[in-house]
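Engineer: These protein sequences, in sequence, are chains A and B. Numbering-wise (UniProt numbering), the first sequence opens with residue 1 and increments by one. Numbering-wise (UniProt numbering), the second sequence opens with residue 1 and increments by one. Glycine residues also receive a C-beta, built at the ideal position from the N, C-alpha and C atoms.
Protein chains: 2
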Amino acid sequence: MTDLSHVDGLLTPRSVAVIGASEDVTRIGGRPIAAMLKAGYKGRILPVNPKRETVQGLPCYADIDALPVAPDAALIAVPAKLVPETIVALGRKGCKAATLFSAGFAETGEEGEAAQRELVALAKSCGMRLLGPNTLGVYNVDIGYYGTFSSSLDTGYPLPGNIGIASQSGAFGAHLGALARDRGLGSSILMTTGNEADITVADAIRWMAQSDGIDVICTYMEAVNDAPALLDALDAARAAGKPVIALKSGRSIVGAQAAASHTASLTGDAVVADAVLRAHGAIIVRDSEAMMDIAYVASKKIFPTRDTFGVITVSGGAGIVISDEAERIGFAMPPMPTEAQTRLKAVLPYGSPVNPLDCTAQALNDPSLLEKFTRAALEEGGYGAVLCFFTYVAGSPAMSDIILKAVKPLREAYPDRIIAFCALGEPEVLKEYDDQGILIFNDPCRAARAIHAICGFRQAAPRTIPSAPPVTLPDTTPDEAGAKQILAGCGIACAPELAVQTVEEAVAAAETFGYPVVMKILSPDILHKSDIGAVKLDLGDADAVRAAYTDIGAAVAKHAPDAKVSGMLVAKQLSGGVECLMGINRDPAFGPVAVFGLGGIFVELLNDVAVQACPFDAESAREMILSIRGASILKGARGQSAVDIDALAQMLSQLSMFAAGAGDRLVSVDLNPVLALAEGAYALDAVIEMEDR
Amino acid sequence: MTDLSHVDGLLTPRSVAVIGASEDVTRIGGRPIAAMLKAGYKGRILPVNPKRETVQGLPCYADIDALPVAPDAALIAVPAKLVPETIVALGRKGCKAATLFSAGFAETGEEGEAAQRELVALAKSCGMRLLGPNTLGVYNVDIGYYGTFSSSLDTGYPLPGNIGIASQSGAFGAHLGALARDRGLGSSILMTTGNEADITVADAIRWMAQSDGIDVICTYMEAVNDAPALLDALDAARAAGKPVIALKSGRSIVGAQAAASHTASLTGDAVVADAVLRAHGAIIVRDSEAMMDIAYVASKKIFPTRDTFGVITVSGGAGIVISDEAERIGFAMPPMPTEAQTRLKAVLPYGSPVNPLDCTAQALNDPSLLEKFTRAALEEGGYGAVLCFFTYVAGSPAMSDIILKAVKPLREAYPDRIIAFCALGEPEVLKEYDDQGILIFNDPCRAARAIHAICGFRQAAPRTIPSAPPVTLPDTTPDEAGAKQILAGCGIACAPELAVQTVEEAVAAAETFGYPVVMKILSPDILHKSDIGAVKLDLGDADAVRAAYTDIGAAVAKHAPDAKVSGMLVAKQLSGGVECLMGINRDPAFGPVAVFGLGGIFVELLNDVAVQACPFDAESAREMILSIRGASILKGARGQSAVDIDALAQMLSQLSMFAAGAGDRLVSVDLNPVLALAEGAYALDAVIEMEDR
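(1) For residue 721 of chain A, does the three-state DSSP call read helix, strand or coil?
(2) Buried or exposed: P470 of chain A, going by 16 or more other Cβ atoms within 10 Å of its Cβ?
(3) Starting from residue 721 of chain A, follow the alpha helix (DSSP H) in both directions and report where the run begins and ends.
(4) Mind checking T472 of chain A: buried by the 16 CB within 10 Å criterion, or exposed?
(5) Hey, out of A:A631, A:A618, A:F590, A:K564, whose CA is closest to G597 of chain A's CA?
(6) Out of curiosity, what's the CA-to-CA distance linking T476 of chain B and L537 of chain A?
(7) Taking the alpha-carbon positions, what's the H175 of chain A to N195 of chain A distance?
(8) For P615 of chain B, which residues of its own chain have a beta-carbon under 6 Å away from its beta-carbon, when the five flanking residues on both sides are left out?
(9) Could you check which residue in A:V565, A:E505, A:T374, A:A115 has the C-alpha nearest to that of K529 of chain A?
(10) Which residue comes first and which comes last in the beta strand (DSSP E) that contains Q612 of chain A?
(11) Which chain A residues sit within Cβ distance under 8 Å of V314 of chain B?
(12) Should S187 of chain A and I217 of chain A be called a contact, given that it needs their Cβ atoms to be closer than 8 Å?
(13) Sort B:L569, B:A450, B:G540, B:L487 by Cα distance to E505 of chain B and report the nearest one.
(14) At 8 Å on the CB atoms, spell out the chain A contacts of Q168 of chain B, in chain order.
(15) If you draw a straight line from the C-alpha of A548 of chain A to the C-alpha of A229 of chain A, how long is it?
(16) Taking all protein chains shown into account, decide if G9 of chain B is buried (16 or more other Cβ within 10 angstroms of its Cβ) or exposed.
(17) Taking CB distances under 8 Å as the criterion, tell me whether H175 of chain A reaches chain B.
(18) Should the segment 302-310 of chain A be regarded as contacting the segment 366-382 of chain A, the criterion being three or more beta carbon pairs within less than 8 Å?
(19) Exposed or buried, which one is V55 of chain A when buried takes at least 16 other CB atoms within 10 Å?
(20) Can you list, in chain order, the residues of its chain with a C-beta nearer than 6 Å to that of P13 of chain B? Leave out the 5 residues immediately preceding and following it.
(21) Leaving out five residues before and five after E497 of chain A in sequence, what residues of the same chain have Cβ atoms less than 6 Å from its Cβ?
(22) Of the choices B:A98, B:V78, B:A270, whose alpha-carbon is the least far from that of D198 of chain B?
(23) Have a look at the DSSP bridge pairing and note the partners of T54 of chain B.
(24) List the whole-angstrom C-beta distance separating L648 of chain B from A676 of chain B, where the pair is believed to meet the contact cut-off of C-beta under 8 Å.
(25) Within 8 Å of any Cβ in chain B, is that where the Cβ of C445 of chain A sits?
(26) Reducing DSSP to helix, strand and coil, say where A544 of chain A ends up.
(27) Look at the alpha carbon of P427 of chain B and the alpha carbon of P397 of chain B, and state the distance between them as a whole number of angstroms.
(28) Is the Cβ-Cβ distance between G395 of chain A and V354 of chain A less than 8 Å?
(29) Quick one: what's M221 of chain B bridged to in DSSP?
(30) For chain B, find out if any of its Cβ atoms is closer than 8 Å to the Cβ of Y549 of chain A; answer yes or no.
(31) Against R278 of chain B, what residues of chain A qualify as contacts under a CB-to-CB distance less than 7 Å, listed in chain order?
(32) Among A:D212, A:A534, A:G583, which one has its Cα closest to the Cα of residue 698 of chain A?
(33) Just to confirm before moving on: does the CB-CB distance between V7 of chain B and A298 of chain B stay below 8 Å?
(34) Using 8 Å as the threshold, is the C-beta distance between K484 of chain B and A686 of chain B below it?
(35) Would you mind telling me which residues of chain B sit closer than 7 Å to G395 of chain A, beta carbon to beta carbon, in chain order?
(36) At 7 Å on the CB atoms, spell out the chain A contacts of G425 of chain B, in chain order.
In structure tokens:
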């Protein structure tokens, strides 16, 4: 088990020192104390303030050295310039973890960033870990610990419960906490990480993955500051069977350098982050409401093994609306078995027994229909989740007791299925269902989306990450032949080709391959060869090869007179198949990232690419390839024959292994086009950019 | 003003007869009476039941003839078999509009449908209009009229207010009503139309468009049963400045007949309905929650002229999340003017003055920042709508008075702008903002979506529908040359071409056009010519023309020996440009519908088409063309030159006029491909299918 004692100190302290403690309950140094007193913090609050004898009725200490014990946690609410000496004193006292509310560091510019770096180094030398700076702090409802100055508490305290929140942004994290509370959801832990100078959301996720009290983890990130730790934390959460619901904001481009290369311009870092986090089992959302909806479903700790959806309604109209939404999000709604349909048709001739199952308004006269149809959906339909659109019928005081009684045995009989109601009515009436483990939504489409996310949770098998053997790169960026040679060494197939130095060598090579052939200039200085006429296709005989040799030479002499030329490349011209592209770019957070797409409009207009952090195995590569919108083209849409997706997947995985093994000097790889044939896949062009040694 | 006296009778009756009145308040004949008594209906309730002297304390009449007055409305709650005599009696008494709760008609099959048709005819002969059958009825909160047996009232009564609901589905309509109520939204009118044997949602929308009390119209439809009336109603609502928020469910295919043709398989009728309703100003949603969100925004009756979005936050994180969502939905967030940025930067150095504007947590210490930033967004930013992410800060009792006082003058100073808060806290605190005209949401992304819908409302200019002159179709389906001749007569350009009868005529035609040319068989019996080798491209000289003539003849003799052949078509081969397709299909609700798409994968894999009901002008055609995802290809993406979109739009509009003028015998038109060139656009193939006379 990973050592998370520093997070223990932050989240479950037996004692907390408040440095800069204030009598004023609206000040940063006063709010946490007031909150803890009000919430009945089970530990010891140790105010530190040289100017006071007591603070909010508690004995106050003049300085850190005067504290009676080494505090488990320390809240630092002093001006930035006093922070270093505070840290030294805390370290001397034996404190292991401090929360740094103080702002005025990295968020203010370069100078602040330097100060922040020094602070972390200082803390490290004192044996301490830091949360923040510029953090709103943490809370742990279960022990009444409020190491936070969030004014969200002015609108009420969070409810205890099995949802944990880890947020980089303080205010957005507190918003999530308040949102949970206003919905009646229990979230015992909030940890906001601010500037993440040291401790990141990854630590919080890791801690919650190990915590007995937390079953669902919500996280908000703007930047991924420690990718390996984050992925490790996600893996730990998944291994513990706890869904992580993640919102990564920001759609900026991977980075100026990477953006210059073709494929990079298609891959915003949020897209990369989403792909990587998803591969590690995270459920990706883009707003706080969807996050809370999914957390609510997950909080019941039912993760069906089947990702199928049964819908029971008292309104045919609602059934259609829900089916429309289910289809849109890809939530399968298989029909009821035929025998069950026949049986239900006999029970209610004008209802619909298929899926959605419609009990019609007849259910008002005969409430047993609600139970019969719901039971049938669970028993005979076998759906992983059922949504009962009972709206105001379920909320009606006259009906709710009957329905509650009817649904209770179902809840018990199918402990592994999600049962949700779309219900309207007084909150107290609806709460009775919720208390029985029936999920309550007032919008059926929102319910469908949240339930779908959780039904898919167990299905997402952990990804096996292969180990990538180190690759030795040449000292400088190679030319195309050199690039292909390197890739061939890693198992990436190129079209048969030969580098030649004379026109007769070119003809000889062509004769060996058989016509038609392709010829291109070989030069590490010319990256976009066809733009200057240094590529000739469809050369059908020796004369054509000779003419092309001359023409390419002339074109290079004219357009790139200073380019270093190492000869020409003669390659067998492959035809047919489907043109794809594969590439590697460096993501500032996740390192080398592979991109796959079809050529042409799919990439250029539709941005239809899949991305994944390197390395990954062929199975993951296959998933990536099949995830693009145009994948049906590879499977043989439009009357052409299917291509060798296995070969493509193999190549993409090999490319990812190469990138992971190549280290930091690798800037980018561009295999464009890669020709996928009925059998095999070949890189027809290859550019490897690297930093010169 | 359209005569809507029958809807007046249904929605604002001074008296209502309840036929089949019941003492039992849970019965269909008892519920409405109980509801009206409870709500204090301002009119006269006239129970009719031969078996009782009184019903629920009211004097009861033995039969309709015994009623003291001709009732404005009648609620029919008797078994299906007694309905005809009831209608006759009501007509005799002078009643003009009856609500038919009784089920057992069209929804039960053919027999019921016939009975329903007879009922409408009977009612008509008695001078009456019918709501239903199989309807849940109507309510009008303002006069306490509850002509409904909906059990939604068991969970509480709707609140009075300016939102009206017209729903085909009874239960879904009542769900919408209950949803509005649970959110605290006032919706005075609900009308559910059930089987729509006579009165449809169009009547309800039309009535609400004229009603003083209703400013926002929500409508739910499964089928469009009277398209002209619906479009007329939408136009009336738009003319009255009232948004119609429409949910049309169901994704079924246009119809079996149309599905057989190529383009039809791409056009589900919900897609057609969405396009047509949108063209008539409706705001299209796909779930009840989005409907209520938008209705809430619209209920404040502020429709900004600028469709721009300013965001003010106390959390940088939330600002990013909101910006991500705004970009996704296409809600423009232009930056603040430079001078304003400079000024705000001076006020708050570590905030962000761009857009989103971030006041940071500093706003807690200095609440005036909230006002300053919000005012700047309205005054200097000039945004049509501002969203203030103040979360629990706005909900905090300590802050809410200060914020309320600060925002009030802004609300008054900018009456034409939407001001919304994302706020969390106690409902009573939040309601104070709402009472001041500040919209309150708890999720900022939902707020952005709803506000965007309303900001776009005023921008949607009414569509001018051109009048389509009648077109005379030939008696039978024409061959390609005939089809093109008909289209040419309507101004649709085809490639220069000539029908020929001999090989030498073919050569002569080719010489006239200049090579290369295309040759095809001319036969009304062969629709897919290239499949059988009856099309030859790239014919470069006279010999090639002669060979093609022979080959096509042989191919037809072999594969379609029975086809009626009228010669061959020689056409100039156009090249370059972009291949598009245009088509016409018949929609069961809206008649001829035009489809536009790019050729190839855009249509076949991506379903990237635009549809619109015919006829429409070139401006609407242009909008359609530019609305497809691949439109940038037409504008010159991927390094090729832009094509003549005006010519395409002209052609598409002409095609729509042709289709509208051609009448019911026209089954479909398929122009595939249409070649769009840098100048001009030409149909290279044309198939017109029609019913033989």
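Structural biologist: Let me spell this out:
(1) The displayed coordinates of chain A run from 1 to 693. Any statement about residue 721 of chain A would go beyond what the structure contains.
(2) exposed
(3) Shown here, chain A extends from 1 to 693; a query on residue 721 of chain A therefore has no answer.
(4) exposed
(5) A:A631
(6) 50 Å
(7) 18 Å
(8) P466, A468, S656, M657, A660
(9) A:V565
(10) 609-613
(11) A171
(12) no
(13) B:L569
(14) G317
(15) 54 Å
(16) buried
(17) yes
(18) yes
(19) buried
(20) G43, D72, A73
(21) L569, A571
(22) B:A98
(23) B:P59
(24) 5 Å
(25) yes
(26) helix
(27) 11 Å
(28) no
(29) B:K248
(30) no
(31) Neighbours of R278 of chain B on chain A: none; closest Cβ ~17 Å, over 7 Å.
(32) Since the first and last residues shown for chain A are 1 and 693, residue 698 of chain A lies out of range.
(33) no
(34) yes
(35) T155
(36) T155
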